[in-house]
Amino acid sequence: MAKQRAAQGRQAARATRKTELEPGDAIAFCAGDRWVAAVVVRTVTDKGGQTPVIEWYDWTGQAPPDKDTLADRPTRGGGVFLHGLWTRNDPRGRWRFVASGLPHAAASRGFSIHRVAELPVLVGDVGRAR
Numbered sequence: 000m001a002k003q004r005a006a007q008g009r010q011a012a013r014a015t016r017k018t019e020l021e022p023g024d025a026i027a028f029c030a031g032d033r034w035v036a037a038v039v040v041r042t043v044t045d046k047g048g049q050t051p052v053i054e055w056y057d058w059t060g061q062a063p064p065d066k067d068t069l070a071d072r073p074t075r076g077g078g079v080f081l082h083g084l085w086t087r088n089d090p091r092g093r094w095r096f097v098a099s100g101l102p103h104a105a106a107s108r109g110f111s112i113h114r115v116a117e118l119p120v121l122v123g124d125v126g127r128a129r
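Here numbering that gives the first Met the number 0 is used: position 117 in the sequence shown is 116, and no number is missing along the way.
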């Protein structure tokens, strides 16, 4: 009984996280001296919380883009479930909120699952794939 209560206490202590991002929000990710951008196409909810699924834009630049730059830009498809993308702006500067209300198609295909810690590899791959 004590073990069960302890396990329940640990489970309750793990806070469920919810992303601040919504479908149609654009985010720019820093990749050293360049930026890449993505749009939230949907969110996924499980017992760990609510996590965004993003699709990369076909865009790179020296600074984060503005809404007009991304408005008619195509995405590359292939959604990325990015666990740890909870806030609009990263306190460590790895990503920055760009705009809301951008057109997006709900990701109908499957998605790959990654953590924010994998951003350097993900962002590097996006920038090289042009």
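In this text, a Cβ means the ideal position worked out from N, Cα and C, and glycines have one as well. From a predicted model like this one, the values you see are computed outputs, not experimental measurements.
Residue state for residue 50 is assigned as strand, using DSSP reduced to three classes.
For residue 32, the secondary structure class from DSSP, reduced to helix, strand or coil, is coil.
Assignment of residue 57 by DSSP, reduced to helix, strand and coil, places it in the strand class. Look at residue 123 here: in three-state DSSP terms it is helix. Distance between residue 25 and residue 99, taken at the CA atoms: about 6 Å.
Under DSSP, residue 45 takes part in a beta bridge, and its partners are 48. Per DSSP, the unbroken beta strand (DSSP E) holding residue 98 starts and ends at 94 to 98. In the same chain as residue 39, and ignoring 5 residues on each side of it, the C-beta atoms closer than 6 Å to its own belong to 20, 22, 24, 51 and 53, in chain order. Sequence-distant Cβ neighbours of residue 62 in its own chain, meaning closer than 7 Å and more than five residues away, are 34. DSSP places residue 18 in the coil class of the three-state scheme, outside both helix and strand. Cβ-Cβ separation between residue 16 and residue 85: approximately 5 Å, consistent with a contact (criterion under 8 Å).
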